[in-house]
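First to last, the sequence lines map onto chains A and B. Number 46 in my numbering belongs to position 46 of the first sequence; there are no gaps in the numbering. One rule links them: number in my numbering = place in the second sequence (from 1) + 1000. Quick reminder that beta carbons are idealized off the backbone N, C-alpha and C, glycines included. Just so we're clear, the structure is a prediction, and the values are computed from it rather than from any experiment.
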Amino acid sequence: KAGVTQTPRYLIKTRGQQVTLSCSPISGHRSVSWYQQTPGQGLQFLFEYFSETQRNKGNFPGRFSGRQFSNSRSEMNVSTLELGDSALYLCASSLDGGTSGWPDTQYFGPGTRLTVL
Amino acid sequence: GENVEQHPSTLSVQEGDSAVIKCTYSDSASNYFPWYKQELGKGPQLIIDIRSNVGEKKDQRIAVTLNKTAKHFSLHITETQPEDSAVYFCAASIKAAGNKLTFGGGTRVLVKP
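Structure, rendered in structure tokens:
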């Protein structure tokens, strides 16, 4: 079974631009979560989507947004890029969104490395 | 919200020795604790996880223990090998928060041949 795929793998943008990152979850997985990884702040939760609905949101400004499509693929968008948005953006997918009563096991993609100049 | 602390931040061991990484969490409602290994240029890879209804879980050379009373959990790697060199992250999750993972700061493990 193919793992989580993320495109593009690398991006270079300039301040003020916007960017869209894409994530394809493992086949059959319905939940997609996004995380930001930086050397200073570590791994931080951005948001989670399940059945095309945002279920949970981390502590990030409104410039960070996302969506999920009916095939469970997800995109995240960052508008008005700032230097501090340079990071590795990770997508994780899980099977059924934790409806069993326990949080689901999450599987991560390779990430998109975003550099803002 | 949940806070997870991880120690040590770096760990150097001789090949064949054991490595232990410890994490503490703040929210007693947390009920799922995964460990991830991240190699350079790759995303985190799940290596073992434990639910709060279990005190210990083992998978070959890797084991995780959970102490709910003290709110801490540990990763044990025995008979370390050079390929175990990586950054390891612990995390905690609460069912009420969906699948949100709160991560520790990471431990860079170096296994010296």
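Contacts around residue i, its chain only, beta-carbon distance under 7 Å, and the 5 residues preceding and following it disregarded
i: I1048(B); result: W1035, K1057, D1059, I1062, V1064
i: V1111(B); result: V1013, E1015, T1080, Q1081, P1082, D1084, S1085
i: E1002(B); result: Y1025, S1026, D1027, S1030, A1092, I1094, T1102
i: P8(A); result: T112
i: R63(A); result: V78, S79, T80
Residue i, enclosing beta strand (DSSP E) - first and last residue
i: V78(A); result: 74 to 78
i: S31(A); result: 31 to 38
i: P1034(B); result: 1032 to 1038
i: I1077(B); result: 1072 to 1077
i: N71(A); result: Taken as a continuous stretch (DSSP letters only), N71(A) belongs to no beta strand (DSSP E), as it is neither H nor E.
i: T1069(B); result: Careful: T1069(B) lies outside any beta strand (DSSP E) and carries neither H nor E.
i: G16(A); result: Where G16(A) is concerned, there is no enclosing beta strand (DSSP E), given that its DSSP letter is neither H nor E.
i: S94(A); result: 87 to 94
i: R1051(B); result: 1045 to 1051
i: G42(A); result: 42 to 50
i: R113(A); result: 112 to 116
i: K1100(B); result: Element bounds for K1100(B): n/a, residue is neither H nor E.
C-beta contact flag for residue i and residue j at 8 Å
i: C91(A); j: Q6(A); result: yes
i: P1044(B); j: F45(A); result: no
i: C1023(B); j: V1004(B); result: yes
i: S68(A); j: V32(A); result: Sequence check: residue 68(A) is Gln here, not Ser. Yes.
i: S1018(B); j: G1105(B); result: no
i: L117(A); j: I12(A); result: yes
i: W34(A); j: F50(A); result: no
i: N1099(B); j: S94(A); result: yes
i: I1077(B); j: L1066(B); result: no
i: K1037(B); j: S1052(B); result: no
i: T105(A); j: L1075(B); result: no
i: N56(A); j: A1097(B); result: yes
Nearest residue (CA-CA) to residue i, options the options
i: R30(A); options: W102(A), P110(A), K1(A), D96(A); result: D96(A)
i: H1072(B); options: I1021(B), N1099(B), R1108(B); result: I1021(B)
i: Y1088(B); options: T1069(B), R1108(B), K1100(B); result: R1108(B)
i: V4(A); options: I26(A), K57(A), S70(A), N71(A); result: I26(A)
i: G40(A); options: P103(A), S74(A), S86(A); result: S86(A)
i: Y10(A); options: Q1006(B), G1041(B), H1007(B), T1069(B); result: G1041(B)
i: E52(A); options: G101(A), P103(A), G66(A); result: G66(A)
i: G101(A); options: Y1032(B), H1007(B), L1011(B); result: Y1032(B)
i: C1090(B); options: G28(A), R15(A), T14(A), G42(A); result: G42(A)
i: K1(A); options: G28(A), R15(A), T14(A); result: G28(A)
Other residues of its chain near residue i: CB distance less than 8 Å, five sequence neighbours each side excluded
i: L88(A); result: Q36, Q37, T38, G111, T112, R113, L114
i: P1113(B); result: E1015, P1082
Same chain, Cβ closer than 6 Å to residue i, five either side skipped, listed in chain order
i: R73(A); result: S24
i: H1007(B); result: K1022
TODO: Count the CB pairs spanning the stretch 16 to 25 of chain A and the stretch 69 to 85 of chain A that are closer than 8 Å, and state whether there are at least three.
DONE: Yes, the stretch 16 to 25 of chain A touches the stretch 69 to 85 of chain A.
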